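For the protein sequence lines, the chains are A and B, in the order given.
Using UniProt numbering, the first residue of the first sequence is number 1, and each one after it goes up by one.
Using UniProt numbering, the first residue of the second sequence is number 1, and each one after it goes up by one.
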Amino acid sequence: MASPHPVVGEIEVLVIGGGVVGSCLAGFLAEDGVGVALIDDGRIGGSNANAGSLHVQMQSRFMRLYPQNVPGMERQLPLYPKGVAAWQALEKKLDAHFDLKMTGGLMVAESLDQLEFLRVKAARERELGLEVEVLGRAELDRIAPYFGESVVGAELCADEGKLNPLLCNAAIRRWILARGVVLIEGEAAGPIRREGAGFVVETKRGPIRAGRVVLAAASGSKALAAGLGVAIPAEPEPLHMNITEPTSAMIGHLVQHADRMITLKQFGTGQIVIGGGWPAHLAGERRHPTVELASLIANATLAQHIVPRIAPLRIIRTWAGINTAVDGKGVLGPVGPVPGLFAAIPGDAGYTLGPLSARLVAEMMAGRAPGEDMAPFSPDRFG
Amino acid sequence: MSGTITITFEGEPVEAREGESLAAALTAHGIDAFRTTRCEAERGLFCGMGVCQDCLVEVDGKPNQRACMTRVDRPLSVRREAHARPLAPAMQGQPPATIGDVEVQMPEILVIGAGPGGLSAAIAARRAGAQVLVVDERSQPGGQYFKQLSVGAEAGPPPDRQHREGAALIEEARSLGVELRSGVTVWGAFEPNEFAATAAGRPLRLLPKAAIVATGAYERGWPVPGWTLPGVMTTGAAQTLWRTARRLPGRRVLIAGNGPLNLQLAAELIEGGAEVPAVVEAAPRPGLARLGALLAMARSSPRLIRDGLRYHAARRSGGAAMVHGMVVAGIEKTPAGLQVRLAPAAGTGAERRYEVDAVCLGYGFEPSNELLRALGCGHDFDPVRRQLVTRRDARGLTDMAGVYALGDCTGLGGARAALAEGTIVGLAAAAALGHAAPAGSRAASRRAGRDLARHRDFQKALWSLYAAPAYSSKLATADTLICRCEEVSFGQIEEALGEEMELIGAVKRRTRVGMGRCQGRYCAPVLDALLAERFGRPRDEFSGFAPRIPVKPVAIGDLAGPGAG
């Protein structure tokens, strides 16, 4: 028999989704003195599967795959350096160790065409306020002497970096528990219905009554919103990731490729994490993110092509995470047609934007000015 | 006739026997510390069968090679492995590969594991006319039960009946035209009939019409203080040293655990000249109350009972005491070797201590069901044996189409039961693919069914005789490592549980327990039991960590195949 629900009576705010956005949001609201419960189904958490890249420059993968989203991505681009700054601020605020390193990101080119693509991309990004430059091979070797001979140059984005999500997620969890957030784990939420001025959210252990509800469940928010007659076209994009056994510190940067899908970086543990958008799929009734052999082969062999010395290292684990694709921009703020309902869904590279997105939505919920023009990110744009 | 090969360890020459494992050669020369961990602890041979990843050494410049799975066939240059050693610079990688570049083998029936069950299934399916490929990770077929001699016969006593029986089974499979491939590590299972492997440094994709998973079992961990010290290994690891390479784990060896394999090991090590001060059995001394179980065993398998009596006689004549009702409670390194502390299994009473050079732990087995779980085959938790049991029909078919499973990987039944099951499952898999039943197959199947029933009775009686208390976390101190790979202590896990982490995945992400090279094989059952106990939940199908691919580490370079390095 399941134990009774930890939420007794009505909670002021129920946040649905215990990833980095929902957790941080619950923490910020609790610090505002708001009574918050956070519910998470505990199985398919995108943040739990995140590989820790802090993205700033436009990812060539998204530009190729979703050319129609490029204007949206460009609109969101200025948020990324702020997103990284929000991570740094959070690490300081929590007095925690996130293994956060701002060593910059390198997007490598293996041909002159690719290098030219990077030059055009960098010029546009500089117009949009990013600090980026394109390096030739000799300059590259001075800061990153680990690439194979096929690499001819790279775009360097100084604001990029990496962190260890395991350390971040654990520290954030400790913080919100200390702030009195009621944590409901291993339980799915929904459907949601309006009742009076508030909401009733169904769960396995019975309904939860909440004054306000935040959808912070990434692509899982789509069905929850649809139940209230609201369209939020957030789609899951299951992605493949690999991690190796440890080696000595060697790769300082977040490494990407101008024309191929890869991210490659090294954690403080010495392990190398290889990902970059190779597909996974949702399998079975539980829609469990599941890896594919084709992705594993292509991703791992591309990694040793760029950084040949990692060939003897063994992959000890692969897993599938979920990116959430909308229209290149986040979905952040009040849902106009349903008073009391909010969305907190960052756009591409949602982990990078997690704490920032949470803070922006928390400011809006508290009736304070978030310090950003939030109109482009309004949930009402899908009409 | 095989000779000796001079290898080097840290620059010093070591005389090895051609064909033996690197672990055997080093152990025979008194080298037991093969690597150091992140916390600068020494580690050596533990599981002896390629799963624990503790015996890693650097071989000819290649990092992180398992000494237990490395065959000495040339003069190797071996170095002690250090944590996170730098990689040698390289300028040229192999070209990026796609799945289309990978060698494909499409046997009608793929059997994974060349132990008794796998070989028996392959023979039955081949007799029915199916085309069968058997793959196995070791350098020789036979599995953990039929461990074959890997060195020349002059290295020790002649092969015994168990060796000979295995050799005959392997020969039968070969002569029938079963393709046996050794040295193939199957590390992934994707769609029901898509398996990924590596062999000789190259990737291999296996796309059979039907698969028979016969991956056996591995020994349960026994997380007590000192269980990670070099010189402490599983009973199976010590038996592999002796049965394949005629090497001993030490001069003076204590054997402890639960079940008859420990007794067999004692007889074998004594035959090899080791001094075994005691065989320590966790179960109480069998009294009259257990006579019924003994009689049932004698009825169902007189031969195994005769073997047991023979092992006891060898133990007695070798001067090894039989200690009942005690367990290993801690091991300490001393200048002379290892000091083992025994405590009563019941929890209270006087302790005993032994000074030895090696300790063998054999506290039962866990099924190697990683591939089955990765495929999504259903499992049920058996609370009596404390392990997952694969859901199958009477012909061994799992709930995934075309995927059969048998033997110890499905929940334990022993080698004899696996042999009988193999016949049934092999015939069923061949029949499902449209092969007409060969002459006499009905009788063979009936006979196998009777054997299987008999051996299951035997096992049931055996395990009522050897019913032992479960591992208790009372044996662990705060510093005792639960996760060998990531060096996560019992105290760290307790701390995470104190943060109300109810989900095993949350504890994993919080503490790194189970995130290492062995994929949580040793810590997951312990952690799962701790969680169930603490939160009053029954263990179920979703016990343990979510299965992750690769089920064994795979080198990035081995996915691309050889090329310019």
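Glycine included, each C-beta is placed from N, C-alpha and C at the ideal position.
These figures come from a predicted structure and were not determined experimentally.
Relative to the alpha-carbon of residue i, which residue among the options has its alpha-carbon at the smallest distance?
i	options	result
S120 of chain B	B:I331, B:A167 and B:A418	B:A418
G118 of chain B	B:A461, B:A394, B:L263 and B:E137	B:E137
Q492 of chain B	B:T198, B:V507 and B:P553	B:V507
C518 of chain B	B:G177, B:G48 and B:R247	B:G48
C52 of chain B	B:V328, B:T410 and B:T228	B:T228
P75 of chain B	B:T6, B:A453, B:L133 and B:C55	B:T6
Y466 of chain B	B:P13, B:G362, B:E40 and B:G100	B:G362
P192 of chain B	B:G93, B:P86 and B:I109	B:I109
G18 of chain A	A:R381, A:A225 and A:G354	A:G354
Q459 of chain B	B:L304, B:P116, B:G536 and B:V323	B:L304
P225 of chain A	A:T103, A:I297 and A:P339	Sequence check: residue 225 of chain A is Ala here, not Pro. Checked all of A:T103, A:I297 and A:P339; the closest Cα to A225 of chain A is A:P339.
I11 of chain A	A:V21, A:V20, A:G33 and A:G284	A:G33
I322 of chain A	A:T290, A:G252 and A:G186	A:T290
P206 of chain A	A:L90, A:I39 and A:K93	Looking at the sequence provided, one finds Gly at residue 206 of chain A rather than Pro. Here the closest residue by C-alpha is A:I39.
How long is the line joining the alpha carbons of residue i and residue j, rounded to whole angstroms?
i	j	result
E292 of chain A	R509 of chain B	23 Å
A173 of chain B	S317 of chain B	38 Å
Q59 of chain A	L65 of chain A	10 Å
R416 of chain B	R246 of chain B	24 Å
P279 of chain A	R38 of chain B	33 Å
P67 of chain A	G328 of chain A	10 Å
G563 of chain B	A294 of chain A	Note on G563 of chain B: pLDDT 46, under 50, position unreliable in the model; the coordinate value appears next. Cα to Cα, the separation comes out at about 20 Å.
L302 of chain A	A97 of chain B	7 Å
A369 of chain A	A217 of chain A	24 Å
G35 of chain A	A282 of chain B	53 Å
W87 of chain A	R71 of chain B	49 Å
S21 of chain B	L388 of chain B	31 Å
M1 of chain A	R534 of chain B	Because M1 of chain A sits at a pLDDT of 36, beneath the cut-off of 50, its placement in the model cannot be relied upon, and the following sentence gives the value as read from the coordinates. The straight-line gap from Cα to Cα measures roughly 16 Å.
G148 of chain A	G93 of chain B	7 Å
R179 of chain A	G52 of chain A	25 Å
D101 of chain B	L360 of chain A	48 Å
R381 of chain A	A30 of chain A	29 Å
P81 of chain A	M107 of chain A	17 Å
Between which two residues does the beta strand (DSSP E) harbouring residue i extend?
i	result
L183 of chain A	V182 to E185
N193 of chain B	It is not in any beta strand (DSSP E) - N193 of chain B carries neither H nor E in the DSSP assignment.
N323 of chain A	R314 to A325
V361 of chain A	Element bounds for V361 of chain A: not the beta strand (DSSP E) but the alpha helix (DSSP H), G354 to M365.
L332 of chain A	V331 to P334
T398 of chain B	Per DSSP, T398 of chain B belongs to no beta strand (DSSP E) and is neither H nor E.
Q105 of chain B	E103 to Q105
Give the secondary structure of residue i by DSSP, where H, G and I count as helix, E and B as strand, and everything else as coil.
i	result
Y80 of chain A	helix
M241 of chain A	strand
Y145 of chain B	coil
A37 of chain A	strand
K508 of chain B	helix
Q53 of chain B	coil
Q339 of chain B	strand
E533 of chain B	helix
N64 of chain B	strand
A258 of chain A	coil
residue 588 of chain B	Any answer about residue 588 of chain B is impossible in this case: the structure gives chain B only from 1 up to 565.
K93 of chain A	helix
M1 of chain A	Residue placement at M1 of chain A is flagged as unreliable, the pLDDT there being 36, under the threshold of 50; the coordinate-derived value follows with that caveat. Residue state, collapsed to three classes: coil.
Over the uninterrupted alpha helix (DSSP H) stretch that includes residue i, give me the two end residues.
i	result
W187 of chain B	W187 of chain B -> not in any alpha helix (DSSP H); beta strand (DSSP E) instead, spanning V184 to A189.
Q492 of chain B	F490 to G498
R484 of chain B	No alpha helix (DSSP H) contains R484 of chain B, which DSSP labels as neither H nor E.
residue 594 of chain B	For chain B, the structure presents residues 1 to 565; residue 594 of chain B sits outside this window and is missing.
I306 of chain A	L293 to I306
Please find out if some non-hydrogen atom of the ligand GTP comes closer than 7 Å to the beta-carbon of residue i.
i	result
R521 of chain B	No copy of the ligand GTP occurs in the structure displayed, which carries no ligand at all.
Check: Any residues in the UniProt domain "2Fe-2S ferredoxin-type" (3 to 84) of chain B with a beta carbon nearer than 8 Å to a beta carbon of chain A? Which ones, in chain order?
Finding: R38, K62, P63, N64, H83 and A84
Next item on the list: May I ask you to list, following chain order, the residues of the stretch 239 to 255 of chain A that have a beta carbon less than 9 Å from some beta carbon of chain B?
Entry: N242, I243, T244, E245, P246, T247, S248, A249 and M250
Note to self: Tell me which residues of the stretch 372 to 401 of chain B have at least one Cβ-Cβ distance to chain A shorter than 7 Å, keeping chain order.
What the structure shows: G376
Note to self: For the stretch 277 to 295 of chain A, list every residue whose C-beta sits within 9 Å of some C-beta in chain B, in sequence order.
What the structure shows: A283, G284, H288, T290, V291, E292, L293, A294 and S295
Checklist line | Contact residues within the stretch 180 to 197 of chain A, judged by C-beta distance below 7 Å to chain B | finding: E185 and G186
Notebook entry, point to check: Given a limit of 8 Å on CB to CB distance, which residues of the stretch 303 to 328 of chain A reach chain B?
Noted result: A303, Q304, H305, I306, V307, P308, R309, I310, A311, P312, L313, R314, I315, I316, R317, T318 and W319
Notebook entry, point to check: Taking Cβ-Cβ distances below 8 Å as the criterion, which residues of the stretch 157 to 177 of chain A are in contact with chain B?
Noted result: L166, N169, A170, R173, R174 and L177
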